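Asker: Provided herewith is a single structure, encoded as structure tokens, for subsequent inquiry.
In our numbering, the protein residues as written are 754 to 1660.
As structure tokens, this is what we get:
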């Protein structure tokens, strides 16, 4: 008798994936998107911060960022041979290779731009008559014997210098080369001989054998000491009108000729200039970079360098100042970017949790049946974990790969951690949600369309915890600004979360109060829609949470970007004073204002005369005096909103000249009594302050006096500047009309200059991308919620159509049912965003992200609510909800009632 074959058990995971392949594919796409965004964000931040650091190093120039290792000349008590050996190339190269080892990580060096050699510490005057003497003073010469000259310059004329035999302190002459710029300014040609003063011997004769052109003039080799490539016209301080000047140029000796400098008065020193490699500097290593630089300047690195070179060696660099300036700029930008990241991350997490909640709700009957048949919670959670992991883990890996390919620069570790966090959340959300919902075995399934009359204690505790965290974050941000911990970045998000929870508690009560009045209206559509909207399903919590959080983050981010734009516009206006400006050191010709007024795009011209050296007779400091035409200048101040006043305030009359003053000038000289003012041309006037304004378009700064030009004598009353209003006039046309002696500045050009660092511009782009991504996921959450309820609504419409409901009434029913929550989310999001901005604005200053690190005309750039950022996303939520409800009603109307109503359907 044959034995019965055991039944074949289908694997759980394979069966579930085959049962709902579309749901698994949609879940995989969601995880891919979330993981790719999570993995790309930290690498994008690394990329723009590294670019900002390299930009800061490049802007600082090599003369400030190069590490200068310098040792004094050899001990004069040593024999002449040992002194000469100490400055020969072989000894310096051995020391250079050892000094490189004293620089610790992460400070990367660029060997191709680093240099060593011998240079003169004193630049003596030379008597050669062919050298130019601008004011009669002889030219001065600096001697350098750098390494690698042939690799960093090409010969234009002649040849490179060389030393044919041994050179020491008594050598009578050596060869040298000069750059083309030095040769042009100092009238040096090939064959010129320059005599450098010596000590106890005839001058050292230096014969020029070649004119060189630097291969990379801006590189550290030539720019650490800029006079190597470009001579200086040194202006000596003098009380007279034309100060004395002299030329300072550099002669480039071959390294083998360095011992000849020991016999001159140049007091030579040895140097090893170590150029940092900007490509190897990373923003996340800034703190370690500061420590490495500090160790070189006054720590273990300096001690090792002295052991390897000379006990008197000194190390100095301005790189630490550059790093500090960059850190200050980054510390002002990073918290604002982290706010956008926290908001987007919260929305993504909510969408993942909502997806798990919707899946658990859809499979509620199945899971309840498994529990009733004896499935334990660990077994049930394990099956669901395996089911989601099979989809989520490959999708997370695919999303991470896409992020690494899309942003190829940056650290991999944070990207992997972020993508892994998304994948872990996607894997665990459904098992935990199902275990929480089915922890108790029930014989019958509960109704899911009822709102609990009294929230549970757990929910109350959770909401109170979030309330405390949000209050602490807001208080910290208001007190410390954006320099607090990471909790500060979550403050706008937590504010939105609290508002969402409050609205979810209140909106059923509000809808129930509206149900009674709606019942007295004609027709049952309004009453039925409100009744259904008031019976909120539990799964509606997470969609509203996602939408509110996204609206709050979008409002906050939009207000930040709008505030940045307004701050830059305001700073450009304060700097230029108008849409365009024409300045001249001397009075402009009389025909210039008319020619400028005729330039296309110019609508108004306000001529002003500015005397920056005007000084009150009894005062110590000068005060810029602005002479204006009251009518044109008053119109300019009214149009720009900078120190506005009427033309009548400066009307000319006998007695002291009326003046508009800054608060500091008014506080010092008073507004009741006149005071005399002496101008730079020697004339004097008596002014009386009649108005006080914080600023004025003609000059920037905290000190100024504005008077009527009619009260000034010639030439002080002749305009030296023109402030122009209009569209966008051409700078070239204005320069042509104003003449060669005038300088033209446009407000638009000044505005474009303010985003001077990749750290600022890229932070704006990352912020915008984060807000857009958060908004996209919020829309996805809203669509998922509406699509989840689509079968139930379709069945409802089918039942009501059998009772005589028309298509128009069905469409109105679905719209009115979805409208309360859409309006709730829109109004709540706008109100929450406005409240969050008002609460957090005292601790946020947009100056760091809006304006360059250098001095700007704006002391601060506060954060203010932006109307469009508040209303446009909220209106989009309402429009999207109504559109989906309308489309669902239209699609359902095309299908018959028999198709929707089937026997045994539980909808």
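Just so it is clear, CB atoms sit at the ideal spot from N, CA and C, and this is done for glycine as well. These figures come from a predicted structure and were not determined experimentally.
What separation, rounded to the nearest whole angstrom, lies between the Cα atoms of residue 1120 and residue 1192?
Answerer: Reading the chain shown from its first residue, position 367 is the one you call residue 1120. Reading the chain shown from its first residue, position 439 is the one you call residue 1192. Distance between the alpha carbons of residue 1120 and residue 1192: 11 Å.
Asker: Could you name the residues that DSSP lists as bridge partners for residue 928?
Answerer: Position 175 of the chain shown holds residue 928. According to DSSP, residue 928 bridges with 960.
Asker: With 16 as the cutoff for other CB atoms within 10 Å, does residue 897 come out buried or exposed?
Answerer: Indexing the chain shown from 1 puts residue 897 at position 144. Only buried fits residue 897, as 16 or more other CB atoms lie within 10 angstroms of its CB.
Asker: Looking only at its chain, what residues have a beta carbon closer than 7 Å to the beta carbon of residue 1387, apart from the 5 residues adjacent to it on each side?
Answerer: Looking up residue 1387 in the chain shown gives position 634. 1398, 1399, 1400, listed in sequence order.
Asker: Identify every run of the alpha helix (DSSP H) within the region 1317 to 1351, keeping only runs that are complete inside it and at least 4 residues long; order them along the chain.
Answerer: 1345 to 1350
Asker: Please classify residue 1596 as buried or exposed, where buried requires at least 16 neighbouring CB atoms within 10 angstroms.
Answerer: As a working note, residue 1596 is residue 843 in the chain shown. Flag for residue 1596 reads buried.
Asker: With a floor of 3 residues, list each beta strand (DSSP E) that falls wholly inside the region 1147 to 1177, ordered by position along the chain.
Answerer: Considered as a whole, the region 1147 to 1177 harbours no complete run of any beta strand (DSSP E) with no fewer than 3 residues.
Asker: Straight-line CA distance for residue 1218 to residue 1301?
Answerer: Locating residue 1218 in the chain shown gives position 465, where the first residue counts as 1. Locating residue 1301 in the chain shown gives position 548, where the first residue counts as 1. The alpha-carbon atoms of residue 1218 and residue 1301 are separated by roughly 19 Å.
Asker: Mapping DSSP to helix, strand and coil, what is residue 1186?
Answerer: Reading the chain shown from its first residue, position 433 is the one you call residue 1186. Residue 1186 carries a helical assignment under DSSP once its states are collapsed to helix, strand and coil.
Asker: Using DSSP bridges, identify the partner residues of residue 1428.
Answerer: As a first step, residue 1428 must be located in the chain shown, where it is residue number 675. Answer by DSSP bridge pairing, in chain order: 1440.
Asker: DSSP three-state label for residue 1633, please.
Answerer: Counting from 1 along the chain shown, the entry for residue 1633 is found at position 880. Residue 1633 falls in the helix class under three-state DSSP.
Asker: When the distance is taken between beta carbons, is residue 1402 closer than 8 Å to residue 1465?
Answerer: Taking the chain shown and counting its residues from 1, one reaches residue 1465 at position 712. Taking the chain shown and counting its residues from 1, one reaches residue 1402 at position 649. No, these two residues do not count as a Cβ contact at 8 Å.
Asker: Going by DSSP in three states, residue 888 sits in which element: helix, strand or coil?
Answerer: Taking the first residue of the chain shown as position 1, residue 888 is located at position 135. In this structure, residue 888 counts as coil in the three-state DSSP scheme.
Asker: Going by CA-CA distance only, name the one from 1442, 1490, 1179, 1160 that's closest to residue 1112.
Answerer: For this step, residue 1112 is matched to residue 359 along the chain shown. Measuring from the Cα of residue 1112, the nearest candidate turns out to be 1179.
Asker: Given this structure, state the Cα-to-Cα distance separating residue 958 from residue 809, to the nearest angstrom.
Answerer: Residue mapping note: residue 958 aligns to position 205 of the chain shown, counting from 1. Residue mapping note: residue 809 aligns to position 56 of the chain shown, counting from 1. Their Cα atoms are separated by approximately 43 Å.
Asker: When DSSP labels each residue in this structure, what does residue 823 get in the three-state scheme?
Answerer: What you label residue 823 is simply residue 70 of the chain shown in a count that begins at 1. It is a strand residue.
Asker: Closer than 6 Å by C-beta to residue 1365: which residues in its own chain qualify, once you throw out the five before and the five after it? Chain order, please.
Answerer: Residue 1365 sits at position 612 when you count from the first residue of the chain shown. Hits under 6 Å: 1377.
Asker: Is residue 1349 closer than 8 Å to residue 1335 when the C-beta atoms are compared?
Answerer: Within the chain shown, the letter at position 582 stands for residue 1335. Within the chain shown, the letter at position 596 stands for residue 1349. Residue 1335 places its beta carbon less than 8 Å from that of residue 1349.
Asker: If you draw a straight line from the C-alpha of residue 1224 to the C-alpha of residue 1242, how long is it?
Answerer: Walking along the chain shown from the start, residue 1224 turns up at place 471. Walking along the chain shown from the start, residue 1242 turns up at place 489. Cα to Cα, the separation comes out at about 13 Å.
Asker: Return the residue from the list 1571, 983, 1625 that minimises the CA-CA distance to residue 1636.
Answerer: As a position in the chain shown, residue 1636 is number 883, starting the count at 1. When only C-alpha atoms are compared, the closest one is 1571.
Asker: Would you check if the region 1620 to 1630 and the region 1583 to 1598 touch, i.e. whether three or more CB-CB distances between them fall below 8 Å?
Answerer: yes
Asker: Relative to the alpha-carbon of residue 956, which residue among 969, 883, 877, 914 has its alpha-carbon at the smallest distance?
Answerer: Locating residue 956 in the chain shown gives position 203, where the first residue counts as 1. Residue 956 has its Cα closest to that of 877, out of 969, 883, 877, 914.
Asker: In the DSSP output, what is residue 1244 paired with across the bridge?
Answerer: As a first step, residue 1244 must be located in the chain shown, where it is residue number 491. Its beta-bridge partners do not exist; DSSP assigns none.
Asker: Taking the beta carbon of residue 1641 as the centre, do at least 16 other beta carbons fall within 10 Å, making it buried, or is it exposed?
Answerer: What you label residue 1641 is simply residue 888 of the chain shown in a count that begins at 1. By the neighbour-count rule (16 or more Cβ atoms within 10 Å), residue 1641 is buried.
Asker: What's the call for residue 904, buried or exposed, on a 16-neighbour Cβ count within 10 Å?
Answerer: Here residue 904 corresponds to residue number 151 of the chain shown, with the count starting at 1. With a 10 Å radius around the Cβ and a threshold of 16 neighbouring Cβ atoms, residue 904 comes out exposed.
Asker: According to DSSP, is residue 882 helix, strand or coil?
Answerer: As a working note, residue 882 is residue 129 in the chain shown. The answer is coil: DSSP assigns residue 882 none of H, G, I, E or B.
Asker: Going by DSSP, what residues sit across from residue 1461 in a beta bridge?
Answerer: Residue numbering aside, residue 1461 sits at position 708 when the chain shown is read from its first letter. Beta-bridge pairing links residue 1461 to 1381.
Asker: In the DSSP assignment, find the beta strand (DSSP E) that holds residue 1067 and state where it starts and stops.
Answerer: Within the chain shown, numbered from 1, the residue matching residue 1067 stands at position 314. Here the beta strand (DSSP E) through residue 1067 covers 1067 to 1069.
Asker: What does DSSP give as the partner residues of residue 899 in its beta bridges?
Answerer: For the purposes of this step, residue 899 is taken as residue 146 along the chain shown, with counting starting at 1. The partner list for residue 899 (beta bridge, DSSP) reads 870.
Asker: What is the DSSP secondary structure of residue 1404, reduced to helix, strand or coil?
Answerer: Against the chain shown, residue 1404 aligns to sequence position 651. In this structure, DSSP gives residue 1404 a state outside helix and strand, which the three-state scheme calls coil.
Asker: For residue 913 and residue 1039, what's the separation of their Cα atoms in angstroms?
Answerer: On the chain shown, position 160 is the one that residue 913 refers to. On the chain shown, position 286 is the one that residue 1039 refers to. Spanning the two alpha carbons is a distance of roughly 41 Å.
Asker: What number of angstroms, rounded off, separates the C-alpha of residue 928 from the C-alpha of residue 910?
Answerer: For the purposes of this step, residue 928 is identified with residue 175 of the chain shown, where counting begins at 1. For the purposes of this step, residue 910 is identified with residue 157 of the chain shown, where counting begins at 1. Taking the straight line joining both Cα atoms gives about 14 Å.
Asker: For the putative contact between residue 822 and residue 1027, defined by C-beta atoms under 8 Å, what is the C-beta separation to the nearest angstrom?
Answerer: Translated into positions along the chain shown, residue 822 becomes position 69. Translated into positions along the chain shown, residue 1027 becomes position 274. Going by Cβ atoms, the distance from residue 822 to residue 1027 rounds to 7 Å, so yes, they are a contact pair.
Asker: According to DSSP, is residue 763 part of a helix, a strand, or is it coil?
Answerer: Position 10 of the chain shown, counting from 1, holds the residue named residue 763. Summary for residue 763: the model assigns pLDDT 48, below 50, so the residue's position carries little reliability; its value from the coordinates is reported in the next sentence. Residue 763: coil per DSSP, three-state reduction.
Asker: Please report the residue range of the alpha helix (DSSP H) in which residue 844 lies.
Answerer: Here the question's residue 844 lines up with position 91 in the chain shown. From DSSP, the alpha helix (DSSP H) with residue 844 extends over 842 to 853.
Asker: Measuring CB to CB, does residue 1528 end up less than 8 Å from residue 1299?
Answerer: What you label residue 1528 is simply residue 775 of the chain shown in a count that begins at 1. What you label residue 1299 is simply residue 546 of the chain shown in a count that begins at 1. No, these two residues do not count as a Cβ contact at 8 Å.
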